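For the protein sequence lines, the chains are A and B, in the order given.
The first sequence begins at 5 in the numbering used here and counts up one residue at a time.
The second sequence begins at 826 in the numbering used here and counts up one residue at a time.
Notes follow once the structure below has been shown.
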Amino acid sequence: MRSDNGFWKRFLDWVNGDERELWYSAKPARAAEPKHKTAKKMTKAQKDRIFNLIYRTSGVLISVAMLVTLLLVMVNLPIVGEAENPTNNELSQYYIEHGLEDAGATNLVGNMILSYRVFDTFGESSVLFLAATAVTMLLLRDTKNTSDKLLRYFKREDKAESIVNDRLLRTVSRTMLPIIFLYAIYIMVNGHLSPGGGFAGGSILGGGLILFAQEFGTGGVKQFFSQTLFKSVRTVALAGYGLIDLYYAFMGANGLDNHIPLGTPGSLFSSGIILPINVMVGMVVTCTIYAFYGLFHKGEI
Amino acid sequence: MLPFYQNIPQFTIIGCMLMGIFTALCKKGRTAFVLNQMMLAAVGAATVYLLVCVTKAGEAFDYQMGIVGHPFGNELRAGPLEAGLALAFIIVMACCILGGKEDLFHDMHPDKLPLYFVMADMLLASLLAMIYTNDMFTAYVFIEINTMASCALVMAKDGGATIAATMRYLVMSLLGSGLFLFGLSLLYWITGHLLIPNISEAVQNLHATGEFALPLTIILGMMTVGLCVKSALYPFHTWLPDAHGSATTGSSAILSGLVLKGYIMLIVKLIWQVVTPEIFCALHLDTVLLILGALAMIMGSVNALQETHIKRMIAYSSVAQIGYIYLGIGLGTKAAMVAALYQILVHAFTKPLLFCCSGELANASHHHKHMYFLRGAAHRAPLAGLGFTLGGLSMVGIPLLGGFAVKFFLADAAILGTWKMLVALGALAASSLLNALYYLPVIINIWSKELHGDPDPLPGMLRKPLAPTFAISTVCLAAGAVALGVFLQPVATFLANGLGLM
């Protein structure tokens, strides 16, 4: 405890009513401490060393303790794959038996996340939207966080990129891009029939866009995917999802017929809300992935 | 067909989210602000209607979302307590945004202002979802939304300090979510359910048969600790002073008034609905919370005493006040839980009041936040001075203000005749004294222009014109703090009834 400016001193001053000595009436002391004091005490390097020692030792100890605890828990958990596990209950039974007639998708996982638990998945999609928005808030170029120097640097970089003729990248991306885009769309719209869906398809489509941007520059992407289009696609997709979710849950909760045809199971246009939601989720994921690339790359979409 | 009011929880949650999504299209901050306030008014009105209906009906209801009912889909549950807390949160949210508006428009780049309101809308949606949810996984999804939005709110004010604070907040916050998710997946593995009533049934069976005793203890411990990290209980509070102290005024108010409370509501749900208080106490988790809560009450105040930066001081005071809530939870009785819920309400009104007023006082002192420059600030911004005085006195526990009611109910509930009584009463007494030690000098400081011959630190500084938004917010928050102190018995009865129906 420091004697001249410590907690007890302040406490005593307060009790004695000696307000003049209180910290708030004195100017904030920014000046360096007197030299004779630092000479007596340890230097900063020594302090840091001791701190690091304690910090690292306690870090290792806590990790080891956590590891042992978790291993103990694992030993005591039900063994994976046993028939009498608590997770093999009427819940999973029901999803397997009635999933197709209730929600209409042959991909049972799709039934679960986009029909029975559609509200949770809407939350997950909003997380992606929020993540992209948060990054926009931080990195989108504005007058505050961009200097002329940085802009000149970007210009030079663009010029350098346009001169370099990367044949390998050019050939491969020109061959691969149509296939990647088609494959992504296939995964998205076929999500109710086979493994895949909006999240997987959207990340592939976003990856494809990043490859496109590598090859033709962000300017090339802007020709067909401007910031306005980006914003409207994202908003329409997410809001559409929200409205479908609202309608679906409202009708379900009130015991009303929702008039959404389920179609023939196994055909492309079937499974009610799952197909449109997969496409919408796919759009949101694509926008998010590409926004991350654009914003981290040059602070623009 | 259900009675219409039962749809309101879902409508308010999704309405907030849709508004957030559409706000991202706004070009001007002012439009986004107006939209946000309109949405808050609509959601608030709907929640008032819900509150009236549930109170009249006198029971809670389950809202089963989707084509098939219980236990196969997502579910919401609302009763008087949930509706009341939701209404309080909506009012406080509106007040925080109104009170912090001037600072926000000063601190943020105009092009990015609408994004702030996106975050605020989403944050409110996640808080409402955490209050209403009857499904543990939905709770986790909205914890994620909450984390993301609250980090963005801290980051809104550009600058090195806020970015560093956001990083620290993000890391600690994700540690908390990670622990919660880990605990939740293991809990699913041993119970086979995600809906709260079903988990509760399974947990009671497990506890009765003694099966999976060790995993159950550790799982509940992990989930509790995860939520404690996110709500800044004492040894996990290190991120809080930076995040709350450096953010823009509105964000500090929202973060300390609301975000911490959302996670605490989940802990209350976990104890009251998922595992039942008997099992929670049998596993001795309540003792841990009690001791940490008592430590927080004292250490938070001790740290606050050493601060000379007003917002950091108030942030440390939050650590102490969160300790009160955990003390109530840790005592383990129904009366103590009611006191904890009462503290949630009181702190939700008082802390934003303090943050908004200190922001205004700083504005009236060339944006200085050091105590020295704030001397006499109350004369330059009288309403802010009055608000700060009221909030500070409430924290100290002066009768007729909210803080007194909390201390009264906590002390009343602490009389159990066990060692817990000693800890709780000792911590209460020490903490009240410490609160007085740092709030009273600040109040004296802002009201005195000259002190023992020291001249006014900012001579010639004129009275700041009163912004109408700030005036509305301060008056509302102060009215809330006073109402909670005056009508203590009706509010406590309401909370106790609501807790019984939860």
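Don't be surprised by glycine CBs; every beta carbon is placed ideally from N, CA and C.
None of these values were measured; they are calculated from a predicted model.
Residue i vs residue j beta-carbon contact at 8 Å
i                             : j                         : result
alanine 1230 of chain B       : leucine 1320 of chain B   : no
tyrosine 830 of chain B       : tyrosine 874 of chain B   : yes
aspartate 932 of chain B      : glycine 1184 of chain B   : no
valine 139 of chain A         : alanine 295 of chain A    : yes
valine 979 of chain B         : serine 1076 of chain B    : yes
asparagine 194 of chain A     : aspartate 983 of chain B  : no
threonine 175 of chain A      : glycine 298 of chain A    : no
phenylalanine 1174 of chain B : alanine 1078 of chain B   : no
glutamate 900 of chain B      : leucine 1020 of chain B   : yes
phenylalanine 1105 of chain B : alanine 1164 of chain B   : no
valine 285 of chain A         : glycine 202 of chain A    : yes
aspartate 106 of chain A      : valine 893 of chain B     : yes
asparagine 971 of chain B     : leucine 995 of chain B    : no
isoleucine 915 of chain B     : threonine 872 of chain B  : yes
alanine 1160 of chain B       : aspartate 1237 of chain B : yes
valine 943 of chain B         : alanine 849 of chain B    : yes
methionine 1122 of chain B    : leucine 1152 of chain B   : yes
Alpha-carbon to alpha-carbon, residue j and residue i
i                            : j                            : result
alanine 989 of chain B       : isoleucine 1150 of chain B   : 28 Å
tyrosine 98 of chain A       : leucine 272 of chain A       : 24 Å
methionine 1124 of chain B   : alanine 1057 of chain B      : 13 Å
serine 951 of chain B        : serine 1142 of chain B       : 25 Å
cysteine 1053 of chain B     : histidine 1193 of chain B    : 33 Å
valine 1144 of chain B       : glycine 205 of chain A       : 45 Å
alanine 217 of chain A       : phenylalanine 158 of chain A : 15 Å
methionine 826 of chain B    : leucine 260 of chain A       : 7 Å
glutamate 128 of chain A     : histidine 1018 of chain B    : 20 Å
phenylalanine 300 of chain A : proline 1290 of chain B      : 42 Å
cysteine 841 of chain B      : methionine 1048 of chain B   : 27 Å
proline 1224 of chain B      : lysine 235 of chain A        : 53 Å
phenylalanine 962 of chain B : tryptophan 1014 of chain B   : 13 Å
serine 29 of chain A         : isoleucine 968 of chain B    : Since pLDDT at serine 29 of chain A reaches only 48, below the 50 mark, its modelled position is unreliable, and no value is offered.
alanine 1303 of chain B      : asparagine 111 of chain A    : 55 Å
valine 1267 of chain B       : leucine 1215 of chain B      : 12 Å
glycine 898 of chain B       : isoleucine 1116 of chain B   : 38 Å
serine 119 of chain A        : asparagine 258 of chain A    : 16 Å
methionine 287 of chain A    : aspartate 146 of chain A     : 26 Å
alanine 913 of chain B       : alanine 866 of chain B       : 13 Å
isoleucine 956 of chain B    : alanine 870 of chain B       : 17 Å
leucine 213 of chain A       : methionine 192 of chain A    : 16 Å
glutamate 25 of chain A      : isoleucine 838 of chain B    : Because the pLDDT at glutamate 25 of chain A is just 45, under 50, the model does not fix this residue reliably, and the point stays unresolved.
leucine 1250 of chain B      : leucine 1179 of chain B      : 26 Å
histidine 1069 of chain B    : alanine 1129 of chain B      : 13 Å
alanine 35 of chain A        : glutamate 1275 of chain B    : Since pLDDT at alanine 35 of chain A reaches only 47, below the 50 mark, its modelled position is unreliable, and the value read off the structure follows with that caveat. Straight-line Cα distance between these residues: approximately 24 Å.
Any C-beta of chain E under 8 Å from that of residue i
i                         : result
glutamine 1314 of chain B : The question asks about chain E, but that chain is absent: this structure's protein chains are A and B.
Chain A within 8 Å of residue i, Cβ atoms only
i                          : result
glutamine 889 of chain B   : yes
valine 893 of chain B      : yes
asparagine 1322 of chain B : no
glutamine 835 of chain B   : yes
histidine 931 of chain B   : no
glycine 1017 of chain B    : yes
proline 1040 of chain B    : yes
Closer than 8 Å to chain B by CB, residue i
i                         : result
threonine 110 of chain A  : no
asparagine 282 of chain A : no
valine 237 of chain A     : no
aspartate 52 of chain A   : no
glutamate 37 of chain A   : A caution first: glutamate 37 of chain A carries a pLDDT of 48, below 50, which makes its placement in the model too unreliable to give a value.
arginine 60 of chain A    : no
threonine 140 of chain A  : yes
serine 29 of chain A      : Note that serine 29 of chain A has pLDDT 48, beneath the 50 cutoff, so the model's placement of it is unreliable and the number below is only indicative. Yes, its Cβ sits closer than 8 Å to a Cβ of chain B.
proline 269 of chain A    : no
tyrosine 187 of chain A   : no
threonine 73 of chain A   : yes
Assumed close pair residue i, residue j - CB separation to whole angstroms, cut-off 8 Å
i                      : j                        : result
serine 1081 of chain B : alanine 986 of chain B   : At roughly 17 Å, the Cβ-Cβ gap does not stay under 8 Å, so serine 1081 of chain B and alanine 986 of chain B are not in contact.
glycine 854 of chain B : cysteine 1181 of chain B : Not confirmed; about 19 Å, so no contact.
### Query
Are the region 1105-1112 of chain B and the region 1166-1179 of chain B touching, with three or more C-beta to C-beta distances below 8 Å?
In the pairwise beta carbon analysis, the region 1105-1112 of chain B is classified as not touching the region 1166-1179 of chain B: fewer than three pairs are separated by under 8 Å.
### Message
Whether or not the region 1083-1098 of chain B and the region 937-946 of chain B are in contact is what I'm after, with contact meaning three or more pairs of Cβ atoms, one per stretch, closer than 8 Å; do they touch?
### Response
no
### Query
Taking contact to mean at least 3 C-beta pairs separated by less than 8 Å, is the region 1130-1137 of chain B in contact with the region 1203-1212 of chain B?
no
#### Entry: Validate contact between the region 158-167 of chain A and the region 997-1005 of chain B using beta carbons, cut 8 Å, 3 pairs
no
### Query
Does the region 240-259 of chain A come close enough to the region 275-287 of chain A to have 3 or more Cβ pairs within less than 8 Å?
Yes, they touch.
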